[in-house]
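Participant:
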Amino acid sequence: MKTAITELFGIRHPIIQGGMHYVGFAELASAVSNAGGLGIITGLTQKTPELLAQEIARCRDMTDRPFAVNLTFLPTLSAPPYPEYIAAIVEGGVKIVETAGRSPEPYMPPLKAAGIKIIHKCTSVRHSVKAERIGCDAVSVDGFECGGHPGEDDIPNMILLPRAADELKIPFVASGGMVDARSLVAALAMGAAGMNMGTRFIATREAPVHENVKKAIVAASELDTRLIMRALRNTERVLKNAVDRLLQIERDKGAALQISDIHDQVAGVYPKIMIDGDLDAGAWSCGMVVGLIHDIPTVAELIERIMADAERLIRNRLLELLGSDERHAIRVA
Ligand SMILES: Cc1cc2nc3c(=O)[nH]c(=O)nc-3n(C[C@H](O)[C@H](O)[C@H](O)COP(=O)(O)O)c2cc1C
C-alpha cells in the first residue's frame, strides 16, 4: 500500500509506532521498522543526550530501515536540554523526528538544517494547521480516544480526521484508537495517509516492558480508562486500575487541585510500572483501544495481519458493497 506517508518516510506500510515513555526503546522501534512500519525511540526516556545517542546507535545496530526519535515538549518544571537532544539526533543520522506537546517552532531551524523530516503530533485542527504553517512535513492527528495526552477539546477521530483532511495540505496519520485493519481502512477513508498506534504496540512480544503491563492491557475493556489532571489542563488518559486514590484526591480538591497534590502518583512512576511491573506505582497512559486488544503477537505478526486484513477488507467487504458492474470496472481498471 502506497500513501503519502510511506513515500515521505520511505517505509513499506503506513503504520507508525508513536513515542512512548519507557516503552519506546531500541527493541520496539527496530522491530517496527524491520516489519516495514516506522519505529520511534522516545527521546526523553533517555535521561541525558549522551544516553539518547547510545540508544540511537543501538537501534541502528538492530535495523537498517528508517526509524525516528520522539521529542515531547510537555510542561515540566525544569526543561530538559532540548538543543543537546537535537544535536544527538542530528549526529546520530536520524532523519525523522516526531514532536509532541508544545509547538516545535523554536526547534525547527536546527532540525530542518539537518534535513530531518518532522511529524508533529497534536490533538486539534488549529494546531495541525499551525504545524503545517511552520514547516512540519506531516501531522499525527491524535483524537480524544488516545492513550496519553488528548488535549482539552475532547474531539474524537470520527470528527477530527475529516476536519483535518478539509484543512491540511500536508499528509497526516490518524492517531488514537487505532488498532487493526478496520482502523486503518477507516482512517484512510477519512483522509489520513496512515495510522499511528501507541497502546496496541505495548502488547507485543518485542515491547521491552514487564509482562504485567501487557497482561493488564489484554485484560482491560474499553471502559477501563480514566482522564486525570483535567483541572491542571494537562489531561492524560490512563488505565483506571492504579488511579482510584488519585481520582479521589481530584474529586476532593476540585478546581483547586495542584500538581503537588498528586505529584507522587504521576512523576517518576514509569520505570516502576514498565520495568518492575508494579502496576499500582502510579498513573500510566493507556488508550480506550485496550478494549480491542486480545493478544500479544510479535510486531511482524501484528503488522502483517493488519495489512493482509486491510487488503481483504477493501477488496471484499468494500468492493462488494458496490454493484457488480462497478466492481468489474474497478477490478479491470
Ligand atoms: C504508555 C504510553 C506512553 C506514552 N508516552 C508518550 C510520550 O512520551 N510522548 C508522546 O508524544 N506520546 C506518548 N504517548 C502517546 C502515543 O505516542 C500515541 O500518540 C497514543 O498512544 C495513541 O493512542 P492509542 O494509545 O489509542 O494508540 C504515550 C502513550 C502510551 C500508551
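Going by our numbering, the first residue of the sequence shown is number 674, and it counts up by one from there.
Note that the Cβ used here is the ideal one computed from N, Cα and C, for glycine as well.
Predicted, not measured: the structure shown is a model, and the values here were computed from it.
#1: Do the CB positions of Ala702 and Phe746 come within less than 9 Å of each other?
#2: What is the residue span of the alpha helix (DSSP H) that Leu681 lies within?
#3: Below 6 Å CB to CB, which residues in the same chain sit around Gln719 once its five sequence neighbours on both sides are set aside?
#4: Which whole-angstrom value is the C-beta distance of Ala847 and Ala862, which I expect to be below 8 Å?
#5: Within 8 Å, do at least three Cβ pairs link the region 980-995 to the region 931-940?
#6: Verify the contact flag: Leu717, CB atom, against every heavy atom of ligand 1, threshold strictly below 8 Å.
#7: Over what stretch of residues does the beta strand (DSSP E) that includes Thr718 continue unbroken?
#8: Once you ignore the five residues that flank Pro1007 on each side, which residues in its own chain have a CB closer than 6 Å to its CB?
#9: Run through DSSP, which three-state label would His686 get?
#10: Measuring only from the beta carbon, is His694 closer than 8 Å to any heavy atom that is part of ligand 1?
#11: How many whole angstroms separate the CB atoms of Val814 and Ile843, which I take to be in contact at a CB cut-off of 8 Å?
#12: Can Gly849 and Val963 be called in contact, C-beta distance under 9 Å?
#13: Note down, in chain order, each residue of its chain lying with its Cβ closer than 7 Å to the Cβ of Gly683, except the 5 sequence neighbours on either side.
#14: Are the Cβ atoms of Gly960 and His883 separated by less than 9 Å?
#15: Quick one: any contact between the region 969-979 and the region 895-910, if contact means 3 or more CB pairs under 8 Å?
#16: Less than 8 Å separating the Cβ of Ala773 from some heavy atom of ligand 1?
#17: Would you call Lys887 buried or exposed, if buried means 16 or more other Cβ atoms sit within 10 Å of its Cβ?
#18: Among Glu700, Ile976 and Gly691, which residue has its Cα nearest to the Cα of His822?
#19: For Arg878, I'd like the list of residues in its chain whose CB is within less than 8 Å of its CB, leaving aside the five on either flank, ordered along the chain.
#20: My output table needs one value for His822: the three-state DSSP class, helix, strand or coil.
#21: Going along the chain, which residues of its own chain have a beta-carbon closer than 8 Å to the beta-carbon of Arg906, five neighbours each way excluded?
#22: Apart from the five residues just before and just after Val802, which ones in its own chain have a Cβ nearer than 8 Å to its Cβ?
#23: With a threshold of 16 other CB atoms inside 10 Å of the CB of Asp810, please say whether the residue is buried or exposed.
#24: For Gly871, count neighbouring C-beta atoms within 10 Å of its own C-beta (all shown protein chains included) and say buried if the count is 16 or more, exposed if not.
#25: Return helix, strand or coil for Ala893, following the three-state DSSP convention.
Facilitator: In brief:
#1: Not closer than 9 Å, so no.
#2: Ala677 to Phe682
#3: Answer for Gln719: Leu725 and Glu728, listed in chain order.
#4: About 10 Å separates the two Cβ atoms, so there is no contact after all.
#5: no
#6: Yes - ligand 1 has a heavy atom lying nearer than 8 Å to the Cβ of Leu717.
#7: Thr718 -> no beta strand (DSSP E), and no H or E assigned at all.
#8: Given a span of 674 to 1006 for the chain in the structure shown, any question on residue 1007 remains unanswerable.
#9: coil
#10: yes
#11: Val814 to Ile843, Cβ: 11 Å. No contact.
#12: no
#13: Answer for Gly683: Pro739, listed in chain order.
#14: No, the pair does not count as a contact, with Cβ atoms beyond the cut-off.
#15: The region 969-979 vs the region 895-910: no contact.
#16: yes
#17: buried
#18: In terms of CA proximity to His822, Gly691 leads the group Glu700, Ile976 and Gly691.
#19: Ile969, Pro970, Thr971 and Val972
#20: Coil.
#21: Glu825
#22: Glu840 and Leu841
#23: Counting Cβ neighbours within 10 Å, Asp810 comes out buried, since at least 16 surround it.
#24: buried
#25: Coil at Ala893, not helix or strand.
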